[in-house]
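Q: Can you keep this structure in mind? I'll have questions shortly.
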Amino acid sequence: MKPTYYITTPIYYVNGAPHIGHAYTSIAADVLARFKRLDGYDVFFLTGTDEHGQKVEAAARAAGLDTQAYTDKISQDFRDMSDAMGVSYDDWIRTTEQRHKDSCAALWKKIEASGDIYLGHYEGWYAVRDEAFYDESELKTNDAGVKVAPSGAPVEWVREPSYFFKLSAWQDRLLQFYEEHPEFIAPSSRKSEVLSFVKGGLHDLSVSRTTFNWGIPVPDAPGHVMYVWLDALTNYITAAGFPNENADKWKFWPADVHFVGKDIIRFHAVYWPAFLMSAGIAPPTRISSHGWWVVDGEKMSKSLGNVVEPRALAKTFGLDQIRYFLLREKPFGADGSLNHQAIISRMNVELANDLGNLAQRSLSLIAKNLGGVLPARGPATEDDIALLDAANALPDMVRARMEQQTFHEALEDIWKVIRAANSYIDRQAPWALRKTDPERMAVVLRVLVDTMRVVATLLQPFMPESIAKMLDQLGVPGEARTLAALAVPLADGTVLPAPQGVFPRYVEPV
Ligand code: ME8
């Protein structure tokens, strides 16, 4: 039986249209999901939309639509965006679905049964934009002299009856959990942040609201709806079949990686494991968080009019080009700036020149001089062996990078081999060997095909469409595109299709 692997994205709020930040998290998760499938795992990849709470209710009102009709519309837009960006999710969850309402009610009851929920009164600050409660000490003063959340979101003073979760009682067990699971929070800079937050002392958390009703009802507590984050986080177990722990899908729990942006680490790394432990359910294995995209150095915002629509960007530059750029341009955990010149440069230098030309040069020599037939391996020189060794070392290196979600390093490892292959072809000059030593030319071309096969196999998760074309041209049969299949050499004499450029250069429209 294949080992299971469960990957999630955040479920996105349906308070506005999807943008490149949402697409980024989903594409990163998709790359890992595709990689794990290629590496022989039974993958369950979940994404979807977060549809309750005050923020969504207000957005529906502003749009002049019935709240459910509004969430249907925006959820579909997120789903269309995910499809358009090649996100290969296995399940699309919406928190307004009945399966999720049942799951939340069941989780609530489990936490209640463990004695961690009590009725009280919440009085304090709340930021609707973050859907988060803040301590007075966490607030800052903005340029206009107004108190705001650490994120800059406006805060309001809330006073209402509320159920509380005894988060304070979980402080020591959380710290112990982090210590026993050093890989739980990535990257390590974020881990220190979480540790100091928890060590600083945890307050009980308000987990129900009574001043609006767009939420999941608290069982047996008329007037209370669940705090939207308790509702939202539960999606990860809903999709795994909870509360039916006999469901086939339950084999995927605990999730292997929850991908999140740095803005929502506290909810995932503090509240979520505490809720789960209280309910007697195993916490997820890893919270992998990433940094922020800004556009030309500026934070994306509706008022600046610089919000980047991912589908439009893919239309301009190509979907695979954008997927590649997003994962190559910045370290996963760091912030990065999106700008067209940077996209064009990666597209032209790394994709069109380094990779595209390598394939085109090698394959057109095979087409012209060997009748398009894959030559056999031959006696290897030191130079051949060095390149093949570098290529054959790649799968393990990339696998290790994927375990850490250091995507840009995986790509850099792969590009080192691509650059080495380009130097090799220049040094070996197979075009000159054609006359002087045709047998050696054939061996050199086979070394290049074997190298490109490894490279292309590993690049599939990043650029599925373009690389599928490249693998077609390299004569790799559909079933031989997994990591395990790399152990079996391509059949000598395979007839290769006529080579065609896979990575066009970007040409400015006139
Ligand atoms: O927080 N750069 O939903 P959300 C990179 N519903 N990533 C970005 C980004 C940017 N500029 N802007 C957004 C929520 N993101 C909750 C989640 S999960 C149980 C509930 C990405 O619609 C990033 O992943 O506000 C961030 O964490 C997420 O979108 C926030 O999406």
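Each residue of the sequence shown is one higher than the one before, counting from 1 in this note's numbering. Glycine included, every Cβ here is placed at the ideal spot set by N, Cα and C.
1. I'd like to check one pair, Lys2 with Asp42: are the Cβ atoms closer than 8 Å?
2. DSSP three-state call for Asp42: helix, strand or coil?
3. DSSP three-state call for Phe212: helix, strand or coil?
4. From which residue to which residue does the alpha helix (DSSP H) around Val87 run?
5. Nearest to Val307 by alpha carbon, out of Asp296, Phe317, Ile111?
6. Can Met300 be considered in contact with ligand 1, in the sense that its beta carbon sits closer than 7 Å to one or more heavy atoms?
7. Count Cβ pairs between the stretch 415-434 and the stretch 383-395 that sit closer than 8 Å; are there 3 or more?
8. Identify, in the order they occur along the chain, each residue of the same chain with its Cβ nearer than 6 Å to the Cβ of Leu411, setting aside the five sequence neighbours on each side.
9. Our contact map puts Phe275 next to Phe165 with C-beta atoms below 8 Å; I'd like the distance itself, whole angstroms only.
10. Might you give, ordered along the chain, the residues of its own chain that have their beta carbon closer than 7 Å to the beta carbon of Glu138, omitting 5 neighbours on each side?
11. Rounded to the nearest angstrom, what separates Asp231 and Thr238 at their Cα positions?
12. Do His19 and Glu226 have their beta-carbon atoms positioned less than 8 Å apart in this structure?
13. Mind checking Lys163: buried by the 16 CB within 10 Å criterion, or exposed?
14. How many whole angstroms separate the CB atoms of Ile524 and Phe184, which I take to be in contact at a CB cut-off of 8 Å?
15. Near Ala186, which residues of its chain fall below 6 Å by C-beta distance, leaving aside the five closest residues on each side in sequence?
16. Looking only at C-alpha atoms, which of Arg94, Glu160, Met277, Ala240 sits nearest to Ile216?
17. Along the beta strand (DSSP E) that carries Ala498, what are the first and last residues, could you check?
18. Quick one: what does DSSP say Asp172 is sitting in, helix, strand or coil?
19. Kindly examine ligand 1 and report whether one of its heavy atoms sits closer than 7 Å to the Cβ of Asp90.
20. Could you check whether Gly261 and Trp292 sit closer than 8 Å to each other, using their CB atoms as the reference points?
21. Under the rule that 16 or more other beta-carbon atoms within 10 Å means buried, what is Asp492, buried or exposed?
22. So what does DSSP say about Gly356, is it helix, strand or coil?
23. Within 7 Å: the Cβ of Thr210 and any heavy atom of ligand 1?
24. Given a cut-off of 8 Å on the beta-carbon distance, is the pair Leu351 and Met452 in contact?
25. The alpha helix (DSSP H) that contains Thr482, what's its start and end?
26. For Asp50, verify whether its CB is less than 7 Å away from any heavy atom of ligand 1.
27. Counting only the same chain and skipping the five closest in sequence on each side, list residues whose C-beta sits under 6 Å from that of Lys36.
28. Would you list the one or two residues that DSSP bridges to Gly124?
29. Does the beta-carbon of His340, which I'm using as the reference point, lie nearer than 7 Å to any heavy atom of ligand 1?
30. With a threshold of 16 other CB atoms inside 10 Å of the CB of Tyr118, please say whether the residue is buried or exposed.
A: Let's see:
1. Yes, they are a contact pair.
2. strand
3. Here Phe212 sits in coil by DSSP.
4. It is not in any alpha helix (DSSP H) - Val87 carries neither H nor E in the DSSP assignment.
5. Asp296
6. yes
7. yes
8. Hits under 6 Å: Arg328.
9. 7 Å
10. Pro150
11. Straight through space, the alpha carbons of Thr238 and Asp231 are spaced by roughly 10 Å.
12. In the sequence under discussion, the amino acid at residue 226 is Met, which differs from the Glu named in the question. The answer is no: Cβ separation not under 8 Å.
13. Before going further, note that residue 163 is Tyr rather than Lys in the sequence given. Buried is the call here.
14. Outside the shown range of the chain (1 to 510) lies residue 524, about which nothing can therefore be said.
15. Answer for Ala186: Ser288, listed in chain order.
16. Out of Arg94, Glu160, Met277, Ala240, Arg94 has the C-alpha closest to the C-alpha of Ile216.
17. Note, Ala498: premise wrong, no beta strand (DSSP E); not H, not E.
18. helix
19. no
20. yes
21. exposed
22. helix
23. No, the beta carbon of Thr210 sits no closer than 7 Å to any heavy atom of ligand 1.
24. No. Outside cutoff.
25. Note, Thr482: premise wrong, no alpha helix (DSSP H); not H, not E.
26. Asp50: yes, Cβ under 7 Å from ligand 1.
27. Result list for Lys36: Tyr5, Val43, in chain order.
28. Val158
29. no
30. exposed
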